[in-house]
Each structure stands twice: as structure tokens, then as C-alpha cells.
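2 protein chains.
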Amino acid sequence: MEYFRPALTCDVIVFTIRDGRLQVLLVRRGRPPFRGRWAIPGGFVEKDEPLEAAARRELEEETGLRDVYLEQLYSFGDPGRDPRGHTVTVAHLALVNPARFEGEGARPSPVIRPGKRGTGNPEPGTENLLRAGDDAAALRWFPAHRPPPLAFDHNRVLAVALERLRNKLFYTTVGFEFLGREFTLPELQRVYEILLNRRQDKRNFRRRILSLGILKPLGRTRREGRHRPARLYAFRKPGWTFLRERALVT
Amino acid sequence: MEYFRPALTCDVIVFTIRDGRLQVLLVRRGRPPFRGRWAIPGGFVEKDEPLEAAARRELEEETGLRDVYLEQLYSFGDPGRDPRGHTVTVAHLALVNPARFEGEGARPSPVIRPGKRGTGNPEPGTENLLRAGDDAAALRWFPAHRPPPLAFDHNRVLAVALERLRNKLFYTTVGFEFLGREFTLPELQRVYEILLNRRQDKRNFRRRILSLGILKPLGRTRREGRHRPARLYAFRKPGWTFLRERALVT
DNA sequence: ACAAAAGTGTTGAGAGTACACCCATGC
DNA sequence: GCATGGGTGTACTCTCAACACTTTTGT
């Protein structure tokens with residue numbers, strides 16, 4: 001075709017809940033522009049590659065993360081957002097359960113240096129461990145509400161992602177994506193308290209969630225610490241659900 | 251940059267309410283691919299052009315519509331959606347008040363043929379009248395829920411737009427965008443009844459809307475037909491509002 | 001036995017829903 | 001004066017918010 005074409009990238013804002021707060025995964029750029037600045041992971045879309053596939057590929061290349069919850073967020077195309085020239089990015093939002101990479105997660109916000117890549121498949125159980133890709137000098141979790149100055153317009157992209165996450169909490173069940181397949185009600189409540197930055201009454205919270213009928217009691221419990229074990233539940237449907245009538249939280 | 255670049259377009263799904271139902275504005279394509287098929291208006295993004303600006307420019311070029319409510323909807327980039335090759339589109343959603351083009355609107359869903367363009371400014375009062383652009387053989391309103399077979403993946407884009415409009419009705423005041431600056435409560439109620447395809451109780455609807463405190467009574471009335479005139483209201487804030495607590499409709 | 005977190009019910013206030021009649025105007 | 005759509009109030013139900021104690025486990 002005879003038209004001008006801007007460059008096209010897919011970026012992925014990855015949120016998780018660690019150390020009792022919402023955190024975002026950033027990479028340190030290893031090459032210009034913005035070499036040395038922290039940035040949202042992402043990169044150029046390849047020929048005949050669907051947008052979501054590009055986002056997942058770039059995410060895995062730069063961070064090692066795969067099989068995460070992912071949805072398209074918003075597209076940003078203002079001129080001047082990339083000093084190399086007109087570049088449009090299709091930003092995506094990813095939510096992950098921190099238990100999936102607790103190998104690193106035990107340390108508070110560690111810097112992860114580039115690992116060797118292309119040396120065969122990762123060992124079982126480690127395929128979701130974080131590791132910085134070739135383009136990235138390092139990889140780190142940051143508090144989502146106090147990010148460092150980011151490359152490009154990524155501070156704005158992050159702000160849009162936070163806003164979207166917050167809004168979706170009220171009318172969907174996205175909050176569940178921060179948990180594993182099995183979870184307890186106190187865990188779920190903690191997720192919502194952190195995301196909303198507001199305490200929830202235990203009895204009201206339980207009643208609301210359970211009355212929605214979206215949870216399946218597993219009949220088992222999880223022992224944790226020297227106190228009464230909590231009952232385990234699982235989500236009835238895969239993925240998240242729209243809640244048109246009663247809200248999950250208020 | 252050394253990377254492959256897909257083509258990038260901006261498309262605009264324009265909804266209005268006419269003849270008591272939700273309608274969508276489509277253009278008949280005047281050139282291949284899909285020559286003669288109906289399609290969502292849109293076209294290629296130009297160098298250093300912001301996405302929303304491209305959407306507005308293409309909308310005006312192809313339909314003559316300007317100064318409409320417009321928001322970004324979703325980006326579509328599946329390979330194969332355009333037979334010319336890898337093309338990504340950033341779809342936008344526009345809502346318009348049908349009173350703005352009642353010159354044509356009086357006739358039910360007329361086909362509008364290309365007018366002369368580039369012949370100076372339009373006369374006052376006609377700048378929003380519909381007129382097909384050069385690329386388009388014709389321009390027409392279609393029932394949004396029964397569209398003809400469309401070019402590209404536009405049937406899917408339309409479906410996504412309908413879904414988004416429907417969802418936003420419940421937690422924002424987007425529905426007001428189908429009305430002019432001044433409107434009556436029965437008019438507003440009719441908009442919601444059409445969009446939801448469901449009758450609303452007059453007294454409950456009024457109480458809900460008025461108790462939100464987002465309307466300003468104008469103290470005037472609008473005479474229409476041989477019955478009691480309805481009071482006029484205006485929206486207190488410009489644009490639409492998020493409704494976190496009480497919903498507008500249920 | 002004590003510390004720690006899990007689990008459980010009731011009450012009052014306010015919102016949502018259902019429902020029927022009078023009012024202002026044009027013809 | 002009659003047809004047409006605009007405008008109003010009340011009673012009931014149900015959801016939401018506030019609130020304190022018992023249970024189960026580890027040490």
C-alpha cells in the first residue's frame with residue numbers, strides 16, 4: 001500500500017500483589033532511546049502477528065513470564081511519544097499471582113539480571129520464573145503507585161492501567177486473577193483491601209462473595225501459621241465474570 | 251527503524267437513535283477491496299497524527315460529521331482481516347444526536363450520494379449534514395442490531411462496539427450523548443428504553459435521575475404535539491460521568 | 001493457657017420496585 | 001370536551017452497613 005506507516009509496538013503492564021501492595025513489573029532499557037531508564041516491557045509487532053500474540057511474545061522474551069491473564073488496555077499514538085519517530089503502541093494489562101515466582105519473590109523487589117537464554121527449554125517449575133531478556137539490562141518490581149520516571153510516555157500508560165484496574169474491580173471479578181486456582185476468603189479479602197486501599201468488614205465481604213454463587217467450596221483447608229486454618233475455595237468459571245447486578249465491593 | 255510495519259487505520263463506529271431504534275452509520279466502499287460492500291468509516295493514519303485526530307479526520311472526510319462525542323474502543327490486528335496485508339485498526343466509538351442532521355433524517359434511512367467537496371466552507375447550520383466523501387459511493391444509517399454483511403472484520407468490530415455501549419450505559423452517563431444540550435426527561439427515558447430494549451417505570455426513572463443531582467432544571471418547557479409540554483433540563487457537567495455508587499438504570 | 005486469625009447473625013437505614021391518578025395542552 | 005403524553009406519592013421488599021463474640025489451631 002502506498003501510505004505512510006507508523007511503527008507499531010505492543011506493551012504489557014504487569015501487576016501483581018506483593019509485600020502487601022500493588023506492584024508493577026518494569027525493565028531497565030539496555031539500549032537507546034532512554035538507555036538505563038525503566039520502562040514497561042514490550043516491543044515491535046511482527047509481520048502477520050496478532051496483537052495479543054505480540055504482547056505475549058514480548059512479555060516472555062523480556063521477562064520470562066507466560067500464561068498470564070492478559071487483556072488489551074488502550075492504544076497510544078501521540079506524536080513525540082517516541083523520539084525515534086511516530087510509534088503507536090497497543091498497551092495490554094496483565095495480572096499475575098505472585099506465588100508463581102516466589103523463588104525470586106521471597107526477596108523484596110530484587111533486581112534480576114539477564115540470564116542465559118536460547119539455551120534450550122527452562123527446567124520444569126521454573127518456566128515462569130522471572131529473568132531479564134536480551135534487550136533489558138534488568139527487571140524489577142516497583143510499587144505501582146510510586147513508579148520511577150519511565151521511558152517514553154510510560155508513566156501515563158501506567159496511570160491509565162491503574163485507572164482501568166480500579167474500575168474493573170467494581171463490576172467484574174478481575175481481582176481473582178491475583179490469586180491461584182485455590183484460595184481462601186481471607187486471602188481474597190486482602191487482595192481487595194489492598195487494591196481499594198480500604199478495609200472491608202469480614203462478615204459483609206464473605207456474605208457478598210458467597211451469595212454471588214461464583215465460588216465452589218473445596219471442603220479442604222489451608223494451614224498457615226499458628227491459628228485456625230482457612231477453608232479453600234475455587235472459582236466456578238474460568239476467567240473473570242461481569243457482574244451486572246450486585247457489586248463485589250463498594 | 252529496521253522493523254516490519256503493519257499498516258495502521260482508524261475506524262469510527264457512529265451510533266445514533268432514529269426511528270425509535272439504535273442505528274449505525276455505514277459507508278459503501280467505492281474501491282477494492284470489498285468494493286460495493288458496506289463498511290465502518292475510517293482510513294489510514296497519517297504521519298505524526300494522533301489516533302483520535304485521525305479518527306475525526308477520516309470521519310469528517312467520509313461522512314461530513316464533526317464535533318461528535320468520540321472515544322477509543324479497541325484495536326483489531328488479526329492477520330487476514332485485510333486482504334491487502336497486515337493492517338491494524340484502532341476502532342473508535344462515536345455517539346451523535348440525530349437532531350443534528352434532521353435535514354436528511356426526516357427520510358427513513360436514506361442513501362446519501364457523494365456531494366461536491368473541497369468547494370469552500372459549508373454554509374452555517376449545514377456543517378454537520380451528512381454527505382459521502384470521495385472514497386465512499388454512498389452513506390446510510392442501518393439498524394445497529396441487524397447490519398448487512400460488512401467489509402473486513404467490521405461485523406465483529408460493530409459487535410464489540412454494541413457490547414461496550416451497552417455496558418457503559420450502566421455505570422456512566424454516556425446515554426446522554428444521544429441528546430442535545432437541552433432535553434426533557436421523557437426524551438431521556440426513551441433513549442434508555444431503546445438502548446436497553448426494556449420499559450422503565452416513569453416515576454422510578456425520574457426519581458433515580460433527579461436524585462443523582464447531575465441535571466439542572468432550566469425552568470422552561472418544550473412544546474411538542476397536542477399535550478402538556480415537558481420541562482427542559484441540561485446536564486450539569488460537560489461530557490459524561492462515572493457513576494460508582496447508584497446506577498442510572500438496572 | 002494463650003496468641004492469632006478464621007468463622008458466624010442480627011438489626012436498622014436506605015434504595016429499588018410496583019403501582020394509579022391528576023395535569024396541561026392542541027384540536 | 002376529549003385525546004395525548006407529562007407529571008406526581010406511597011407502601012413493601014430487599015440489599016447494605018454496622019457491629020462482637022466463639023472456634024480452631026500452634027506453641
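If you read the protein sequences in the order shown, they are chains V and D.
Every letter in the first sequence is one number past the one before it in this note's numbering, and letter 137, counting from 1, is 137.
Every letter in the second sequence is one number past the one before it in this note's numbering, and letter 233, counting from 1, is 483.
Glycine residues also receive a C-beta, built at the ideal position from the N, C-alpha and C atoms.
### Message
So with CB distances below 9 Å, who are the chain D contacts of L51 of chain V?
### Response
Here the neighbours are S325, F326, G327, D328, V338.
### Query
Using a beta-carbon distance below 8 Å, is Q322 of chain D in contact with chain V?
It does: the Cβ of Q322 of chain D has a partner Cβ on chain V nearer than 8 Å.
### Query
Run through DSSP, which three-state label would R166 of chain V get?
Correct three-state label for R166 of chain V: helix.
### Task
Determine the extent of the beta strand (DSSP E) in which Y253 of chain D is found, giving its start and end residues.
Bounds of any beta strand (DSSP E) do not take in Y253 of chain D, whose DSSP letter is neither H nor E.
### Message
Does chain D have any CB closer than 8 Å to the CB of P122 of chain V?
### Response
Its pLDDT being 36, under 50, P122 of chain V is placed unreliably by the model, and nothing is read from it.
### Query
At a CB-CB cut-off below 9 Å, which residues of chain D make contact with D153 of chain V?
Chain D residues near D153 of chain V: none, gap ~12 Å exceeds 9 Å.
### Task
Please determine if the region 391-400 of chain D and the region 264-273 of chain D are in contact, where contact requires at least 3 C-beta pairs separated by less than 8 Å.
Cβ pair count under 8 Å is three or more, so yes.
### Task
Determine, using beta carbons only, whether T16 of chain V and P98 of chain V come nearer to each other than 8 Å.
Between T16 of chain V and P98 of chain V, the C-beta spacing is below 8 Å.
### Query
Counting pairs of beta carbons, one from the region 194-207 of chain V and one from the region 216-228 of chain V, are three or more of them closer than 8 Å?
In short, these stretches do not touch, since the Cβ pair count stays below three.
### Interfacial residues, the region 256-282 of chain D to chain V, with Cβ spacing under 7 Å
Cβ contacts with chain V come from P256, A257, L258.
### Task
Give the residues of chain D in contact with F4 of chain V, contact being defined as C-beta atoms less than 7 Å apart.
Listed along chain D, the residues sitting closer than 7 Å to F4 of chain V by beta-carbon distance are E296, K297.
#### Entry: Of the residues V:N155, V:R35, V:E182, V:E163, the one placed nearest A230 of chain V, counting alpha carbons only
Of the listed residues, the one whose Cα sits closest to A230 of chain V is V:E182.
#### Entry: Reduced DSSP category for P393 of chain D - H, G, I as helix; E, B as strand; rest coil
Note: P393 of chain D maps to strand in three-state DSSP.
### Message
Quick check: the Cα distance between V68 of chain V and L93 of chain V, rounded to an integer number of angstroms?
### Response
Roughly 10 Å between the two C-alpha positions.
### Query
Between the C-alpha atoms of A151 of chain V and E163 of chain V, what's the straight-line distance to the nearest angstrom?
Rounded to whole angstroms, the separation of the alpha carbons of E163 of chain V and A151 of chain V is 20 Å.
### Task
Spell out a yes or no on whether the region 328-336 of chain D and the region 76-84 of chain V are touching, meaning 3 or more CB-CB pairs, one atom from each, closer than 8 Å.
Contact check between the region 328-336 of chain D and the region 76-84 of chain V: fewer than three CB pairs, one atom from each, fall below 8 Å, which does not count as touching.
### Task
Note down, in chain order, all residues in the region 56-69 of chain V with a beta-carbon under 8 Å from any beta-carbon belonging to chain D.
Listed by position, the residues of the region 56-69 of chain V near chain D (Cβ gap below 8 Å) amount to none.
### Task
Measure from the alpha carbon of F455 of chain D to the alpha carbon of each residue in D:P399, D:I444, D:Q439, D:I464, then state which is nearest.
It is D:Q439.
### Query
Looking at the structure shown, is R231 of chain V part of a helix, part of a strand, or coil, going by DSSP?
If DSSP states are grouped into helix, strand and coil, R231 of chain V belongs with the strands.
### Message
Judging by CA-CA distance, which residue of V:F170, V:Q72, V:R28, V:F242 is the nearest neighbour of L196 of chain V?
### Response
When each option's Cα is compared against that of L196 of chain V, the closest is V:F170.
### Message
Strictly under 8 Å for the Cβ-Cβ distance: is Y171 of chain V near chain D by that measure?
### Response
Cβ-Cβ to chain D under 8 Å: yes for Y171 of chain V.
### Message
Can you look up I290 of chain D in the DSSP assignment and give me helix, strand or coil?
### Response
I290 of chain D sits in coil when the DSSP states are folded into three classes, being neither helix nor strand.
### Query
Thinking C-alpha only, which one of D:H404, D:D261, D:R255, D:R476 is nearest G293 of chain D?
The residue with the shortest Cα to Cα distance from G293 of chain D is D:D261.
### Task
Spatial neighbours of G180 of chain V within its chain, please: CB distance less than 7 Å, with the 5 preceding and 5 following residues excluded, ordered by chain position.
Excluding sequence neighbours, G180 of chain V sits near N97, A99.
### Element boundaries [beta strand (DSSP E), containing K466 of chain D]
Looking at the DSSP string, the run of the beta strand (DSSP E) that includes K466 of chain D is 465-472.
### Task
To the nearest angstrom, report how far apart F254 of chain D and I40 of chain V are at their CA atoms.
It is roughly 21 Å from the alpha-carbon of F254 of chain D to the alpha-carbon of I40 of chain V.
### Query
Which same chain residues, not among the five before or five after F284 of chain D, have their C-beta less than 6 Å away from its C-beta?
Cβ neighbours of F284 of chain D beyond the five flanking positions: A401.
### Query
Do A341 of chain D and L323 of chain D have their C-beta atoms closer together than 8 Å?
Judged by their CB atoms, A341 of chain D and L323 of chain D are nearer to each other than the 8 Å cut-off.
### Message
Per the DSSP calculation, Q273 of chain D is bridged to which residue(s)?
### Response
As a beta-bridge residue in DSSP terms, Q273 of chain D pairs with D:T266, D:P393.
### Query
Could you check where the beta strand (DSSP E) with E71 of chain V kicks off and where it finishes?
Run containing E71 of chain V: 69-76, per the beta strand (DSSP E) assignment.
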